[in-house]
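Numbering (this note's numbering), first residue to last: 22 to 541.
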């Protein structure tokens with residue numbers, strides 16, 4: 022059996038290499054989602070013209086016509102709808118991490134990275150270098166083993182009971198005075214910037230009363246020596262369950278979106294797009310993975326990128342070029358739509374709300390002679406004046422019209438393995454002596470997005486530190502036409518129109534259209 026598998030793998034290599042070198046899409050529109058995994062337990066929706074296509078319906082989804090051995094029967098009566106409001110305020114956690122080509126080991130604790138000052142409803146997590154960027158991974162078949170491990174760790178961190186127990190201890194410690202047993206929490210708290218009073222006032226309208234009071238207490242505690250900062254994790258203390266809306270990998274880039282299970286039914290038009298900007302300008306060692314979706318009739322786009330590396334003069338121009346190429350070449354496939362639904366965006370900038378995250382690789386401008394002295398003094402604001410991304414944005418050469426929050430944390434790259442020391446600070450290091458820089462960034466564009474928190478984690482797993490941000494998301498529901506459900510890119514036959522013989526009206530758009538019982 023193993024011999025046969027090796028033969029098949031070897032025989033597929035020339036085809037895989039040819040497709041990658043010629044930039045021929047191969048499964049580019051396919052992605053992983055919990056609905057494709059768990060949906061098989063639900064009933065099959067009956068349609069008058071579905072032929073070889075069918076939709077997977079969750080067991081608790083009402084308002085559909087379902088097919089049984091006895092024919093068509095209406096589902097259980099729908100419960101009374103909740104009161105309609107004109108707007109919805111959600112919180113979205115966005116995180117990015119270059120993991121240095123290392124596969125996660127069992128028991129890796131990522132909860133520090135996924136913690137936030139208030140509970141989140143959506144988690145957008147992007148990774149770079151989840152596999153080593155060698156010739157085998159760049160030119161050959163995709164290794165999705167590490168991605169599966171990351172998904173498992175994230176699912177456990179967001180949904181496990183162990184998270185609740187750890188958070189309970191964190192809340193308990195936060196109400197007590199400092200003790201030797203809370204040393205680790207103190208170290209983490211000392212790295213989180215204190216929020217200004219003006220910023221706190223602006224957050225009052227974005228957060229609920231209870232969350233705002235907790236954040237206010239967190240800010241006051243952080244100014245007292247030895248006072249740990251309490252953090253929320255996946256909606257604690259009243260934890261919510263999260264499911265995977267979509268995930269997509271291209272070589273070392275990996276992007277996944279997790280949502281509260283009760284929000285899932287309001288998501289539609291999930292689509293993905295990959296752009297390679299690496300070797301020869303097309304291979305996937307550098308580039309982007311993007312996920313597009315509609316939530317309550319508002320379109321979201323999440324762009325996870327890994328841009329050109331290097332700290333030589335002029336390398337920032339190549340990074341600017343990568344951004345332009347990604348904006349130009351990212352396309353989301355159009356599909357059949359309900360005439361009552363607005364057109365789904367085809368490009369990144371056509372979306373209502375856009376988040377750009379990843380290892381953007383912008384460094385400190387060459388010629389900063391006092392870099393080492395500023396590092397010792399932890400004078401981040403002075404160092405940031407030499408930050409290439411800030412310089413290029415101010416000059417209007419990249420990310421014009423985009424926003425980034427104030428950076429109050431240390432440079433995220435480049436660290437010695439399993440250490441808090443930068444490579445440049447160690448004279449006997451065999452590593453490349455990279456100047457520390459804020460390579461890992463999160464930017465946004467669009468109305469209704471407001472950043473509440475921008476910080477970094479302290480996990481020593483790779484030579485980068487993870488970065489995360491918490492956003493307040495305002496969604497106007499006044500123009501909402503009809504409720505929507507999750508949908509993957511459908512493929513309709515020429516006879517896709519409903520026959521007039523169909524005596525019942527389908528009350529929602531396709532939940533998941535799957536040809537031949539296989540999920541795309």
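Idealized CB from N, CA, C, for every residue including glycine.
Exposed or buried, what is residue 390 when buried is set at 16 or more other beta-carbons lying within 10 Å of its beta-carbon?
-> exposed
In the DSSP assignment, find the unbroken alpha helix (DSSP H) run with residue 493 in it and report its ends.
-> Taken as a continuous stretch (DSSP letters only), residue 493 belongs to no alpha helix (DSSP H), being part of the beta strand (DSSP E) at 488-497.
When the Cα of residue 497 is compared with those of 374, 292, 416, 121, which residue comes out closest?
-> 374
Go ahead and pull the three-state DSSP assignment for residue 284.
-> coil
Nearest chain C C-beta to residue 483 closer than 8 angstroms, yes or no?
-> Of the protein chains in this structure there is only one, and it is not chain C.
Compute the Euclidean distance between the alpha carbons of residue 291 and residue 395, then round it to the nearest angstrom.
-> 45 angstroms
What are the residues that DSSP puts in a beta bridge with residue 119?
-> Residue 119 is bridged by DSSP to 149.
Are the beta-carbon atoms belonging to residue 385 and residue 369 less than 8 angstroms from one another?
-> no
Buried/exposed call for residue 379, threshold 16 Cβ in 10 Å | buried
Span of the beta strand (DSSP E) holding residue 313?
-> Start and end: 308-316.
Say whether the stretch 105-123 touches the stretch 261-271, bearing in mind that this needs 3 or more beta-carbon pairs closer than 8 angstroms, one atom from each stretch.
-> Short answer: they don't touch.
Return the residue from the list 429, 149, 469, 483 that minimises the CA-CA distance to residue 477.
-> The residue with the shortest Cα to Cα distance from residue 477 is 429.
Is the stretch 486-496 touching the stretch 128-145 in the sense that three or more CB pairs, one from each, lie closer than 8 angstroms?
-> yes
Boundaries (first-last residue) of the alpha helix (DSSP H) holding residue 338 = 336-350
Going by DSSP, which residues form a beta bridge with residue 425?
-> Partner(s): none; residue 425 has no beta bridge.
Between residue 300 and residue 278, which are expected to be in contact by the criterion C-beta below 8 angstroms, what is the C-beta distance as a whole number of angstroms?
-> About 28 angstroms separates the beta carbons of residue 300 and residue 278, which is beyond the 8 angstroms limit, so they are not a contact pair.
If you draw a straight line from the alpha carbon of residue 115 to that of residue 146, how long is it in whole angstroms?
-> 6 angstroms
Apply the 10 Å Cβ neighbour rule to residue 364 and answer buried if 16 or more other Cβ atoms are within range, or exposed otherwise.
-> exposed
Give the range of the beta strand (DSSP E) segment to which residue 270 is assigned.
-> 263-271
Residue environment, residue 178, which counts as buried when at least 16 other CB atoms sit within 10 Å | By the C-beta density criterion, residue 178 is buried, having at least 16 other C-beta atoms within 10 angstroms.
Let me know the secondary structure DSSP gives residue 445 once reduced to three states.
-> Here DSSP, grouped into helix, strand and coil, assigns residue 445 to helix.
In whole angstroms, what separates the C-alpha of residue 411 from that of residue 399?
-> 19 angstroms
Using three-state DSSP, classify residue 471 as helix, strand or coil.
-> strand
In three-state terms, what does DSSP make of residue 171?
-> helix
Tell whether a beta-carbon distance below 8 angstroms holds between residue 320 and residue 372.
-> yes
Is the beta carbon of residue 381 less than 8 angstroms from the beta carbon of residue 433?
-> no
For residue 377, which residues from the same chain have a beta carbon less than 6 angstroms from its beta carbon, with the 5 sequence-adjacent residues on both sides left out?
-> 324, 464
Taking the continuous alpha helix (DSSP H) assigned at residue 392, which residues delimit it?
-> According to the DSSP assignment, residue 392 belongs to the alpha helix (DSSP H) that extends over 392-398.
How would you write the range of the alpha helix (DSSP H) that residue 157 sits in, first residue to last?
-> 156-160
Looking at C-alpha atoms only, which residue of 367, 404, 261, 337 is the closest neighbour of residue 293?
-> 367
DSSP three-state assignment for residue 166, whether helix, strand or coil | In this structure, residue 166 counts as helix in the three-state DSSP scheme.
Identity of the residues DSSP links to residue 464 by a beta bridge = BP columns for residue 464 point to 377.
Whole angstroms is fine: what's the gap from residue 393's alpha carbon to residue 420's?
-> 29 angstroms
Going by Cα to Cα distance, which pick from 271, 112, 159, 153 is closest to residue 542?
-> Not covered by the structure: residue 542. The range shown for the chain is 22 to 541.
Beta-carbon gap between residue 151 and residue 168 smaller than 8 angstroms = yes
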